[in-house]
Every structure is written in C-alpha cells, then in structure tokens.
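*Asks:* Below is one structure. I have some questions about it.
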Amino acid sequence: MKNKLIATALISGSLSLFGCSSTGDIENAADKNADAQIAGWVDSQILAPEGLSLASDNVQYLSGKADLNSDGNPEYFVLIQDPYFCGSGGCSATIFDNSGNIIANMTVTDTPILLADSYRNGWRDLIVWSNGAYRLMSFNGESYPSNPSVEPVIDLEAQRQSAMEKVMATELYQQDGYDIKAVYDVEIWAPAEEFRFTFKHYGDPDFTYHAKVNQTTGEVDVHTEPVK
C-alpha cells in the first residue's frame, strides 16, 4: 500500500497523571466532571478498602476512556501509580463502566495500554504491557482477565519496525532526515495499530519531527515542534 504523507500543525497529547498533580491548564466542563467522577471511584472503590485516600496519601494514577462495547457510553481505565499497588511486573488497574461499576480488576499491568482492532464477545480486545511483554486481553462475557501476565503474548515490535520503515521511506525523511526513534509514551487506550516516532532533519535543525503511522491504512502523518 502506498504511503501517504500529511504535514499537520502540532497537536500535543500525553498521559494524564492524577492525584496531587496538575490535570492541565485548560479543561472543558465534561472533562472536569469525568475527572471528578474517576477520582471519586478511585477513592471509594480502590483506596478506601486499603485504608487510603487521595487527599491524605498522595496516590497517583493514570486514566483513559473509550467505548469498549459500542453502546455509546465510555468505559474508564485507571492504572494506579503507587508502590503500594505495584510490583516488579506492573501495577494494579481497574476498568469502570460509565456509572462507576467495576468491570474488571487487574494486577501486573503497565503502560503502554492499547486498544486492539478486534472484538471478543462484543467487547474490544485490549493490549497491555505485563511482566516484560505485550499481552492480549479479551472479554470473556463477564470481565477481562485479572492477571495479564499469563495471557497470550503479542509481538508488536515487528509492526513497529515496519512502521518505522514507512517513515524512513517518505520523501521528507529521505531528504536529510536522521536519528529516528520510537515513542512508547502514548495515551491510555491509544489504537494499537498506530505507532509514533520522532526524527531530526538537517535542513530544519530548530524543529523536532513527529511521525504517526497507521499500520492498517499505511498513512504516515508528520508534524513539527520547535526544539526546546
């Protein structure tokens, strides 16, 4: 499939770290309400049973949302980032429905946490990093697996290498691009078929180039950011 190259304006995105850290300078009302809801669920359903709270124990967590079962309502993923809930292979995670009911509890879970382009029993498959490998997490009709470390291993590195080659084959990279690197720090529940990279360009040394490759469509999307 022929690669497409699209130059776009910079759109920044990152994992959101919650707890006692800032959630950003600008948020709309819906995002604020969702953040408050998630904090309440974390406090009452994850921390309180352990005798902890966000207010007093500085527990931090990452969160993301996506519609996993195509019902028009988002589900929410929470990954606790605190030594109390973490071991050598990962940390504790919880999936909530839109009303705050727990769909799944997981152990040994770490980022990246991705959305696969497949479904099982009407729910989208997940891919998480657990115990040194990517693991495929499929809904069994009632819940997602509680221990990702024993689930099937998924090899994403071959796809990542293929995506990198697509970037390197673009005219822009061929014209003085160099030092391409994979980016692993992506949003919770980012699409698993998308891979991100940065590279430099001899003709534009004051900017870092960011590339996103969709392995399903073959599209390569590139934007620039001033070097800080």
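Letter by letter, the sequence shown follows residues -19 to -1, 1 to 209 in mature numbering (1 follows the signal peptide of the UniProt record, and there is no 0).
From the three backbone atoms N, C-alpha and C, an ideal C-beta is built for every residue, glycine too.
Quantities reported herein were computed from a predicted structural model and do not represent experimental measurements.
Express the C-alpha separation of Ala29 and Gly103 in angstroms, rounding to a whole number.
*Replies:* Whole-angstrom Cα-Cα distance: 32 Å.
*Asks:* Under 7 Å Cβ to Cβ from Ser119, same chain only, skipping five residues before and after it: list those, please.
*Replies:* For Ser119, where only same-chain residues beyond five positions count, the Cβ hits under 7 Å are Arg101, Asp106.
*Asks:* Do you know offhand how far Phe77's Cα is from Leu153's?
*Replies:* When rounded, the distance between both Cα atoms is 43 Å.
*Asks:* Any heavy atom of the ligand SAH inside 7 Å of the beta-carbon of Ala171?
*Replies:* This structure lacks the ligand SAH; in fact it carries no ligand of any kind.
*Asks:* Between Lys209, Gln155, Ala173, which lies nearest to Asp187 when the distance is taken from Cα to Cα?
*Replies:* Checked all of Lys209, Gln155, Ala173; the closest Cα to Asp187 is Lys209.
*Asks:* Would you identify the three-state DSSP class for Asp91, choosing helix, strand or coil?
*Replies:* The answer is strand: DSSP assigns Asp91 an E or B state.
*Asks:* Have a look at Ala163 and Thr179 and give me their C-alpha separation to the nearest angstrom.
*Replies:* In a straight line, the C-alpha of Ala163 is about 7 Å away from that of Thr179.
*Asks:* Would you tell me roughly how many angstroms separate the C-alpha atoms of Thr197 and Pro172, rounded to the nearest one?
*Replies:* When rounded, the distance between both Cα atoms is 11 Å.
*Asks:* From the DSSP secondary-structure annotation, give me the bridge partner or partners of Ser44.
*Replies:* Val59.
*Asks:* Return the residue from the list His182, Glu174, Ser51 that minimises the CA-CA distance to Pro207.
*Replies:* Nearest option by C-alpha distance: His182.
*Asks:* Tell me whether Tyr154 sits in a helix, a strand or coil according to DSSP, three-state version.
*Replies:* Tyr154 falls in the helix class under three-state DSSP.
*Asks:* Quick one: is Gln156 buried, meaning 16 or more other Cβ sit within 10 Å of its Cβ, or exposed?
*Replies:* It counts as exposed.
*Asks:* How is Trp22 classed by DSSP in three states: helix, strand or coil?
*Replies:* DSSP places Trp22 in helix when its eight states are reduced to three.
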